[in-house]
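Numbering (our numbering), first residue to last: 141 to 431. C-beta: ideal position from N, C-alpha, C; glycine also. Because the structure is a prediction, the values reported are computed rather than measured. Contents: one structure, followed by commentary.
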């Protein structure tokens with residue numbers, strides 16, 4: 141098998157995603173003077189702008205989500221991660237399943253989603269309301285953000301606006317372009333093919349991800365360790381019962397991945413396709429990986 145044949149097989153596995161690019165409200169010039177980005181500042185002042193961190197723009201009378209640790213008998217408020225104005229991504233949605241209007245909000249706590257009883261470690265809310273109905277809301281003072289280390293400023297996630305673009309994504313959990321049946325080949329030939337697969341994947345990943353920063357909707361998850369889909373399904377059945385086992389015409393989708401190219405942690409919010417269609421965002425399963 142040639143290098144180009146391997147490349148062709150790899151490119152067949154690509155899946156479209158909505159890539160989010162963070163934009164800071166300031167940067168430093170060559171003299172180390174702060175230069176403020178007036179456009180970003182204005183967007184952060186506008187209720188309902190797509191952003192990560194800071195203070196969310198929430199509906200009036202919104203009740204801040206909490207998480208209770210049933211093992212350690214502790215409870216606390218969920219940190220705010222991001223809000224997405226769905227009008228910003230309506231024309232980019234590769235699935236066509238997201239609502240076209242309204243807002244999605246993502247919350248996540250230090251619990252990692254590694255057990256079924258961690259279900260409350262994350263919350264996703266959808267509200268189809270106008271920007272005039274939103275109120276900028278400070279997180280409760282006792283909300284703990286300490287796990288998010290390099291993303292923190294003043295005990296909240298560093299505030300950025302998010303710009304979106306449509307891109308392709310590659311599977312990196314167990315690349316399905318790899319040949320599974322190498323029977324009959326010599327050890328030298330198997331090693332040659334494996335080396336070519338690794339080389340091709342690295343080349344294509346550099347092309348695709350040079351302008352991607354670790355935060356996305358849909359597409360292949362950028363796993364830092366291993367695939368999470370089997371665990372999502374396992375805990376879903378534990379929580380909702382065997383009758384809710386995944387049907388043949390259903391599948392798990394990556395609803396949202398939050399990370400930064402300079403960070404070693406990614407948050408993953410998964411949802412079944414059927415639940416996305418039904419707007420059952422309460423059934424999202426979230427977890428975290430780091431390297």
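May I have a chain-ordered list of the beta strand (DSSP E) segments no shorter than 3 residues that lie completely inside the segment 168-249? Listed in chain order, they are 174-176, 197-199, 206-209, 214-217, 220-225 and 243-248.
Give the range of the alpha helix (DSSP H) segment to which residue 275 is assigned. Residue mapping note: residue 275 aligns to position 135 of the chain shown, counting from 1. Unbroken run through residue 275 is the beta strand (DSSP E), 274-276; no alpha helix (DSSP H).
Determine the direct distance from the alpha carbon of residue 141 to that of residue 255, and round the result to whole angstroms. Counted from its first residue, the chain shown places residue 255 at position 115. Counted from its first residue, the chain shown places residue 141 at position 1. Taking the straight line from one Cα to the other gives about 43 Å.
If residue 384 sits next to residue 376, beta carbons under 8 Å apart, how far is it from one beta carbon to the other, in whole angstroms? Here residue 384 refers to the residue found at position 244 of the chain shown. Here residue 376 refers to the residue found at position 236 of the chain shown. Taking 8 Å as the upper bound for CB-CB distance, residue 384 and residue 376 are in contact here, some 7 Å apart.
According to the Cβ coordinates, are residue 358 and residue 394 closer than 8 Å? Within the chain shown, residue 358 is the residue found at index 218, counting from 1. Within the chain shown, residue 394 is the residue found at index 254, counting from 1. It is a contact, given that the beta carbons lie within the stated cut-off.
Look at the Cβ atom of residue 312, then the Cβ atom of residue 349, and state whether they are nearer than 8 Å. As a position in the chain shown, residue 312 is number 172, starting the count at 1. As a position in the chain shown, residue 349 is number 209, starting the count at 1. Not closer than 8 Å, so no.
Contact between the segment 258-277 and the segment 186-205: three or more CB pairs below 8 Å? yes
Give the range of the beta strand (DSSP E) segment to which residue 421 is assigned. Position 281 of the chain shown, counting from 1, holds the residue named residue 421. No beta strand (DSSP E) contains residue 421, which DSSP labels as neither H nor E.
Can you tell me the Cα-Cα spacing of residue 124 and residue 188, whole angstroms? Lying outside 141 to 431, the shown extent of the chain, residue 124 is not represented and no answer is given.
Candidates 158, 150 and 307: closest to residue 397 by CA position: As a first step, residue 397 is located in the chain shown; it is residue number 257 there, counting from the start. In terms of CA proximity to residue 397, 158 leads the group 158, 150 and 307.
Need the endpoints of the beta strand (DSSP E) that residue 335 sits in, please. The count along the chain shown starts at 1 and reaches residue 335 at position 195. Not the beta strand (DSSP E): residue 335 falls in the alpha helix (DSSP H), residues 327-349.
Could you say if the segment 163-172 and the segment 300-307 meet the contact criterion of at least three C-beta pairs nearer than 8 Å? Touching, yes.
8 Å contact criterion, which residue 217 and residue 206 should meet: CB distance rounded: Here residue 217 is taken as the residue at index 77 of the chain shown, counted from 1. Here residue 206 is taken as the residue at index 66 of the chain shown, counted from 1. About 5 Å; that satisfies the 8 Å criterion.
Using a Cβ distance threshold of 8 Å, determine whether the segment 177-191 contacts the segment 221-235, with at least three qualifying pairs required. yes
Starting from the C-beta of residue 184, find all residues in its chain whose C-beta is less than 8 Å away, skip the five residues before and the five after it, and write them out in chain order. Stepping through the chain shown from its first residue, residue 184 is reached at position 44. Correct list, in chain order: 165, 191, 194, 299 and 301.
Using only the alpha-carbon positions, how far apart do residue 293 and residue 329 sit? If you number the chain shown from 1, residue 293 lands on position 153. If you number the chain shown from 1, residue 329 lands on position 189. The predicted model places residue 293 with a pLDDT of 42, which falls under 50 and marks its position as unreliable; any figure quoted below should be read in that light. Rounded to whole angstroms, residue 293 to residue 329 spans 52 Å at the Cα level.
Identify, in the order they occur along the chain, each residue of the same chain with its Cβ nearer than 7 Å to the Cβ of residue 414, setting aside the five sequence neighbours on each side. For the purposes of this step, residue 414 is identified with residue 274 of the chain shown, where counting begins at 1. So the qualifying residues of the chain are 390.
Looking at residue 409: is its Cβ nearer than 8 Å to the Cβ of residue 424? By 1-based counting over the chain shown, the position of residue 409 is 269. By 1-based counting over the chain shown, the position of residue 424 is 284. It is a contact, given that the beta carbons lie within the stated cut-off.
Please list the terminal residues of the continuous alpha helix (DSSP H) segment that includes residue 149. Residue numbering aside, residue 149 sits at position 9 when the chain shown is read from its first letter. Per DSSP, residue 149 belongs to the alpha helix (DSSP H) from 143-151.
Assuming residue 419 and residue 392 make a contact with CB atoms under 8 Å, what is their CB distance in whole Å? Mapped onto the chain shown, residue 419 falls at position 279. Mapped onto the chain shown, residue 392 falls at position 252. The C-beta distance from residue 419 to residue 392 rounds to 17 Å, too long to fall under 8 Å, and the pair is not in contact.
Take the Cβ of residue 236 as the centre, count every other Cβ of all protein chains shown within 10 Å, and call the residue buried at 16 or more, exposed below. As a position in the chain shown, residue 236 is number 96, starting the count at 1. Its Cβ having fewer than 16 others within 10 Å, residue 236 is exposed.
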